[in-house]
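Quick note on this note's numbering: the first sequence kicks off at 3 and runs consecutively.
A virtual CB, placed ideally from N, CA and C, is assigned to each residue, including glycine.
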Amino acid sequence: MARYEPKTAEPRQQARWAAAEAFRTPEGETGRPKYYVLEMFPYPSGNIHMGHARNYVMGDVVARSKRAQGFDVLHPMGWDAFGLPAENAAIERGIHPGDWTWSNIAAMRDQLKLLGLSLDWSREFATCDPAYYGQQQAWFLELFRRGLVYRKDSIVNWDPVDNTVLANEQVVDGRGWRSGAIVEKRKLNQWFLRITDYADDLIEGLKELEGRWPDKVRLMQENWIGRSKGLQMTWRWSGAAPEAAPDGLEIYTTRPDTLFGASFMGIAPDHPIARALAERDPAAAAFIAECRKGGSTQAEIEQAEKVGYDTGLKVVHPFDGREVSVWIANFILSEYGTGAIFGCPAHDQRDLDFARKYGLPVIPVVRPDGAGDDFGVADEAYTGPGLIFGSDFLDGMEIEAAKAEAIRRIEAAGQGLGATIYRLRDWGVSRQRYWGCPIPIVHCPSCGPVPAADLPVELPKDVTFDTPGNPLDRHPTWKHVKCPSCHEDATRETDTLDTFVDSSWYFARFADPTAAEPISKAAADKWLPVDQYIGGVEHAVLHLLYARFVSRALSDAGLMNVREPFAGLFTQGMVVHETYRRADGGWVEPTDVELSNDGGKRSARQLSTSETLTIGDIEKMSKSKKNVVAPQEIVETYGVDAGRLFVLSDSPPERDVQWTPGGVEGASRFVQRVWAEVDGFDPGVAGDEQANASLVRETHKAIKAVSEGITGFRFNSAIAKLYAFVATVRDHAKAGGEAKHRALSALLRLVAPFTPHLAEEGWTRLGEAGMILDAPWPVYDPALAADDEVTLPIQVNGKRRGEIRVARGLEPAEVEAIVMADAEVQARLEGQTVRKIVVVKDRIVNLVVG
RNA sequence: GCGAGCGUGGCGAAACUGGUAGACGCAAGGGACUUAAAAUCCCUCGACUUCGGUCAUGCGGGUUCGACCCCCGCCGCUCGCACCA
3 MARYEPKTAE PRQQARWAAA EAFRTPEGET GRPKYYVLEM FPYPSGNIHM GHARNYVMGD
63 VVARSKRAQG FDVLHPMGWD AFGLPAENAA IERGIHPGDW TWSNIAAMRD QLKLLGLSLD
123 WSREFATCDP AYYGQQQAWF LELFRRGLVY RKDSIVNWDP VDNTVLANEQ VVDGRGWRSG
183 AIVEKRKLNQ WFLRITDYAD DLIEGLKELE GRWPDKVRLM QENWIGRSKG LQMTWRWSGA
243 APEAAPDGLE IYTTRPDTLF GASFMGIAPD HPIARALAER DPAAAAFIAE CRKGGSTQAE
303 IEQAEKVGYD TGLKVVHPFD GREVSVWIAN FILSEYGTGA IFGCPAHDQR DLDFARKYGL
363 PVIPVVRPDG AGDDFGVADE AYTGPGLIFG SDFLDGMEIE AAKAEAIRRI EAAGQGLGAT
423 IYRLRDWGVS RQRYWGCPIP IVHCPSCGPV PAADLPVELP KDVTFDTPGN PLDRHPTWKH
483 VKCPSCHEDA TRETDTLDTF VDSSWYFARF ADPTAAEPIS KAAADKWLPV DQYIGGVEHA
543 VLHLLYARFV SRALSDAGLM NVREPFAGLF TQGMVVHETY RRADGGWVEP TDVELSNDGG
603 KRSARQLSTS ETLTIGDIEK MSKSKKNVVA PQEIVETYGV DAGRLFVLSD SPPERDVQWT
663 PGGVEGASRF VQRVWAEVDG FDPGVAGDEQ ANASLVRETH KAIKAVSEGI TGFRFNSAIA
723 KLYAFVATVR DHAKAGGEAK HRALSALLRL VAPFTPHLAE EGWTRLGEAG MILDAPWPVY
783 DPALAADDEV TLPIQVNGKR RGEIRVARGL EPAEVEAIVM ADAEVQARLE GQTVRKIVVV
843 KDRIVNLVVG
C-alpha cells in the first residue's frame, strides 16, 4: 500500500483544476441559485501569512460546499493595493510605490495559488489600477453632484515633520507614528462624505442583519453611530449679546428633565463664542491655548482635571428666569451636539466635579424612591431613577414623563426642539499622500471646485520622495490644468482618497470587473448581496460601516440596487503561536527552535546557538516577536491539505487558533488514514451483512454531523466528526461491497471542502468518473441513520447510575415497566421509595427517590 | 466609567432547543512490530477510591425530576468605546 504523497498529488490536482478552468464563475442562466462568498481582500504587503490562509480557507470551505450543494458560486480575489507602506518603501528603498505594489501582488498571488483555493482568478483586480480607481472617481463625482461630497475646514492631526495629516490611529501618544514628531491640531480644508445623512438608516439596517452578523459587530456599529434623543434649545442672553451668537446660546441635552437643576452653562474651547472672546480677552485666549495643549490619549483624558474660565456672559433660565453664567470648559467637545451644554451638577458627574472646583451651586431635582425633599448630593452625582422635585410644573413626575413635558414646554415657547443627534461624524477622506486614488476635482479661481473632465485622473508616475510631503503637490505639470467649465487656468486637487474608499465598493465591482460603468447593474443584481463575507473583527466598524454607507449612497444615486451589501458576516479569530526568547531578550523564530518534552515538562533550545530558551506567551503571529510560521513552509513539509485542515480543526473559527507542530502532524496523519482506507478498498469483497448495515448507519450520521458543522460555521466540530468517521470506517473491517463504497464516497465528498486535493486523488482511486468538484453533496437520510436500539441512561435523582438498552421509539410507560423490572435497578432501589419516574422518549430515565 | 464576550482535564476543545460532561486532536505513560530508530498499530489518560463507588464544568445561592446550559450575586480574564452632555 502506497503512502499518500501530497508533494506530487497537490500540484497534479491544481493543474487539473486550472486546465478545466474549474473555478470560473458560471455565466448566464443556469437555473441554479447563486451564492457569493467573499473574504476581505488583502493588502499586498508581499507575504501571505497564516492569518490570511485561515481566512481564505474558511471561505474556500464555504465556496466548495455550496458548489457541491448545487449553487453557482462567485468566489473572487483582489488586492487592496493603495496605502502608506508602498510610499514608505519608496522613501526607504527608492522603489516606485507602483512597482513595489505590483511585484508584491505577483508574489502573493503565487503564494495564494499554493493553497488550492477555488478562486475565480479571471475576476482579479487591484485597486491601484486606473481601470478600478477611475470608476471610483466616476461614482465619487456622482456623489459630489448629489451633494454627498463636500469640503469644510476641520481640525486634524498634523505631523509637522512629514507635512501630512495623520489619521487618529496613526497618532501614538501624541506623536506621529513614523516621524516621532509631536502632532499638532491644525485646521485644514478637507473633503468629506456625508455619511451622517445615513446615520439613521445605518442603524435601522442592522436589525435585518440579526442572526447573520455577529451581535458584537452590530452592537459596535450601533454604539459608533451613537444615536441619542434629547432637546436642542436656545438660552437667551441676559444683558448684551455677544456678536458670535446674537440670538442666544444653543445647547443640546439628553436630560431636559433636570433643567431646573441648571447651575452653569459650558461651552467648548473651540466654540465660536469662545474664539470671539479670545480675540479681545487675553486671559481667555491663554486659557483656550492651554486647553488645546492637552493630549488626546486615554490616560491624559482620564487624569485631566476639569478646568474652566468664566466668560462673564450670562443667560436667562427659560423656566424660572434665573441668571446663569457661561463658562468655557475643557471637558466640552466642540464636535458633539452644539459644543455647548447646560451644567446640572447634581445629576452629572462631570458637571459635579466642575461645580465643586469653582464653587457653583449644586441643585438636586431628581430624588430616588423614598428620599425626601432634603435629598442632597455629595461627591457622587445621582443618575438613577426617581421622581422630580423642586422643579415647579415637573414635580412628582417620573424622569421620562418630565423629559417629554420639558421638551413640550420649550417647543411651545419657541426656544427649541426635540432632537436626535449622532456621535457619528462625516467621513474625512482627504489624505495628503501620493499612493492613493486622486480626488477628481479641479479648483478654479472663478468656478470653485468642479468635477475633473477626463476620467480616470491618473496618478503621474514621475514623482520623487526625497523631500517630505505630497509629491502631487510639488509636481511641475500634473496639477496645472484648464478649468473644465470656463477653460481658464486652474489646479487639480492634490489630495488622494482614504484607502477605505477603495474597499467600500470592491465587492460590487467583482460582479463584473470589466464593466464600463462603476458597477454593472445586471451583474450586481445577479450576485449581490455577498451571501457570506469573512474577515477579521478589526474591521467591525470602519470598513464594514463605510461599505454599508457607500452601498446606500450608490443605490440612491441609481448606480446599484443593493443597500445592504453583506447579508452574512463572519469574523474569524487570529492564528497565534508560542514565543521563544533568549536570555538577552532577543526573540527566536520557531524554525530555529528545538523543543523537547520530558514527561510533560517542556523545554526549548535554540538550534543555531544551542542556547536554552524561555518559552513565552502565546501571541498573534508577528514579525516583531518572530513567532511566525509561513504557509509555504507548511505546504512543503506536510502538504496544503494538512495545513488547511489544521487551521480549522483545533478551535472554533471565531476564536484564535494556536499553531503547533504537533497539531499539523495530527492533521497530516488524518490525511494518510483517509488515503489508506480508500487505497485499501477492494470492491470484490462483499462484506458481512451486519457490518454493512452498521456502516450505512454510521455514514448517514456522519453526513448529518459534518453538513451541519459546515453550515453552522463549526468547522472544528465538523472536522472532529470526520476524524471519528474515518476511525469508524476502519473499525468496520468486516464491511465491504456497496456499503463500504458508499461510505468512502461520502467520506471523500465530506472531506473535499477541507482537503480538496486528497479528495480528488481518492475520488479517482475509488474509480469515480470526473472530478469530485462536480460531485453532489451527499444526502442525509434519517431513515438510514436510525439504530434499532437506543441506550438510555438511568438517573437516580438526576445522577447517572446505570444504563439500559431498549428498542427505539418505545413509549415511556413501556420503558418504565422495563426499568422497574430490571434486577440492577431493583438492587439499587432496595429500601427506598420511588416517588416519581421521568422518562424522556429515546433519551433518558430519571428515578426520583427518597 | 459604559457596553459585550468568555471561564470545562496537563493543553486546544466538544456537549445542537436543559437530558450519559470531557467527543476529536495534542502532549504524556505503557505495549506490539524492528538489529535499532522513524513511521505505523493497540491500550491507558479529570480527581479521589475501601474498586462497591464518590466528587467534579471559576465561586456562592436559586429554579427544575434533571443545569456547563436558565435566573440572582460575586471573582477573574479578553475585547470594543471612552469627558458623547
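- Item | Inter-residue spacing [alpha-carbon to alpha-carbon] between Trp-779 and His-545 | Here the C-alpha atom of Trp-779 lies approximately 34 angstroms from the C-alpha atom of His-545.
- Would you be able to state if there are at least three C-beta pairs under 8 angstroms between the region 339 to 348 and the region 251 to 262? Contact holds between the region 251 to 262 and the region 339 to 348, because three or more Cβ pairs, one in each stretch, are under 8 angstroms apart.
- Considering only the beta carbon of each residue, do Ala-526 and Met-562 sit closer than 8 angstroms? Between Ala-526 and Met-562, the CB-CB gap stays under 8 angstroms.
- Task: Just list the beta strand (DSSP E) runs in the region 67 to 142, keeping only unbroken ones of 3 residues or longer that don't cross its boundaries, in chain order.
- Result: DSSP runs (the beta strand (DSSP E)) wholly in the region 67 to 142: 74 to 76.
- Query: With respect to the alpha helix (DSSP H) encompassing Asp-527, which residues constitute its N-terminal and C-terminal limits?
  - Reply: 523 to 529 is the extent of the alpha helix (DSSP H) around Asp-527.
- Going by C-alpha distance, which of Val-309, Lys-628, Gln-417 is nearest Arg-238? The option with the nearest alpha carbon to Arg-238 is Gln-417.
- Inter-residue spacing [alpha-carbon to alpha-carbon] between Ala-678 and Arg-699: If I take the Cα positions, the gap works out to 22 angstroms.
- Can you tell which of Gln-692, Gln-113, Phe-321, Glu-325 has the C-alpha that lies nearest to the C-alpha of Arg-411? Nearest option by C-alpha distance: Phe-321.
- Query: Ends of the alpha helix (DSSP H) at His-545?
  - Reply: In the DSSP annotation of this structure, the continuous segment of the alpha helix (DSSP H) that includes His-545 starts and ends at 544 to 558.
- What's the gap between the Cα of Ala-301 and the Cα of Phe-333? The predicted model places Ala-301 with a pLDDT of 44, which falls under 50 and marks its position as unreliable; any figure quoted below should be read in that light. Spanning the two alpha carbons is a distance of roughly 14 angstroms.
- Message: Given a cut-off of 8 angstroms on the beta-carbon distance, is the pair Ala-278 and Pro-244 in contact?
- Response: Their beta carbons are under 8 angstroms apart, which means Ala-278 touches Pro-244 by this criterion.
- Query: Per DSSP, what kind of secondary structure is Met-399 in: helix, strand or coil?
  - Reply: Here Met-399 sits in coil by DSSP.
- Boundaries (first-last residue) of the beta strand (DSSP E) holding Phe-235: The displayed chain sequence assigns Met, not Phe, to residue 235. Here the beta strand (DSSP E) through Met-235 covers 229 to 237.
- Query: Is Met-42 helix, strand or coil by DSSP?
  - Reply: Coil, per DSSP.
- Task: Kindly list the residues whose CB is nearer than 8 angstroms to the CB of Leu-208, restricted to its own chain and excluding five residues on each side of it in sequence; keep chain order.
- Result: Closer than 8 angstroms at Cβ, skipping near neighbours: Trp-215, Arg-220, Gln-223, Glu-224.
- Message: To the nearest angstrom, how far is the alpha carbon of Ala-754 from that of Phe-717?
- Response: Between the alpha carbons of Ala-754 and Phe-717 lies a gap of roughly 13 angstroms.
- Query: Do Ala-729 and Thr-701 have their C-beta atoms within less than 8 angstroms of each other?
  - Reply: No, these two residues do not count as a Cβ contact at 8 angstroms.
- Give the range of the beta strand (DSSP E) segment to which Pro-814 is assigned. For Pro-814, no beta strand (DSSP E) encloses it; the enclosing alpha helix (DSSP H) starts and ends at 814 to 823.
- Query: If you drop the 5 nearest sequence neighbours on each side, which residues of the same chain put their C-beta closer than 7 angstroms to that of Gly-430?
  - Reply: Only Ser-156, Gln-192, Phe-194 meet the Cβ criterion.
- Query: Using the C-alpha atoms, what's the distance from Trp-589 back to Glu-621?
  - Reply: As the crow flies, the alpha-carbon of Glu-621 is around 13 angstroms from that of Trp-589.
- For Met-79 versus Trp-123, is the C-beta spacing smaller than 8 angstroms? Result yes, Cβ atoms of Met-79 and Trp-123 sit closer than 8 angstroms.
- Query: In terms of residue numbering, what span does the beta strand (DSSP E) encompassing Glu-566 cover?
  - Reply: Going by DSSP, Glu-566 is part of no beta strand (DSSP E) at all; its letter is neither H nor E.
- Query: Looking only at C-alpha atoms, which of Asp-514, Ile-636, Ala-21, Gly-100 sits nearest to Val-465?
  - Reply: The shortest C-alpha separation from Val-465 is found at Gly-100.
- Task: Could you tell me whether the Cβ atoms of Ala-285 and Ala-276 are closer together than 8 angstroms?
- Result: Taking 8 angstroms as the Cβ cut-off, Ala-285 and Ala-276 do not qualify as a contacting pair.
- Counting pairs of Cβ atoms below 8 angstroms between the region 421 to 429 and the region 441 to 460, do you hit three or more? When Cβ pairs closer than 8 angstroms are counted between the two stretches, the region 421 to 429 is seen not to touch the region 441 to 460, the count staying below three.
- Message: Let's see if you can read the secondary structure: which residues bound the alpha helix (DSSP H) around Trp-677?
- Response: Residues 663 to 681.
- Task: Excluding the 5 residues preceding and the 5 following Glu-805 in the sequence, name in chain order all residues of the same chain whose CB lies nearer than 8 angstroms to its CB.
- Result: Contacts found: Thr-793, Leu-794, Pro-795, Ile-796.
- Label Arg-369 either buried or exposed according to how many other C-beta atoms from any shown protein chain fall within 10 Å of its C-beta, with 16 as the threshold for buried. Buried: at least 16 other Cβ atoms inside 10 Å.
- Query: Do three or more CB pairs link the region 527 to 539 to the region 27 to 42 at distances below 8 angstroms?
  - Reply: Touching, yes.
- What three-state label does DSSP hand Thr-701 in the structure shown? Reduced to three states, the DSSP call for Thr-701 is helix.
- What is the C-beta distance between Trp-480 and Arg-494, in whole angstroms, given that I count them as a contact (C-beta under 8 angstroms)? That pair is a contact at about 7 angstroms.
- Query: By how many angstroms is the C-alpha of Arg-810 removed from the C-alpha of Asp-789?
  - Reply: Cα-Cα distance, rounded: 7 angstroms.
- For Gly-641 and Ser-670, the rounded distance between their alpha carbons: So the two alpha carbons sit approximately 8 angstroms from each other.
- Run of the alpha helix (DSSP H) containing Thr-870, from where it starts to where it stops: The structure shown does not extend to residue 870, since the chain is modelled only from 3 through 852, so no value can be given for it.
- Coarse secondary structure for Ala-492, derived from DSSP in three states: Of the three classes helix, strand and coil, the one that applies to Ala-492 here is strand, per DSSP.
- Contacts around Gly-739, its chain only, beta-carbon distance under 6 angstroms, and the 5 residues preceding and following it disregarded: So the qualifying residues of the chain are Ala-688, Gly-689.
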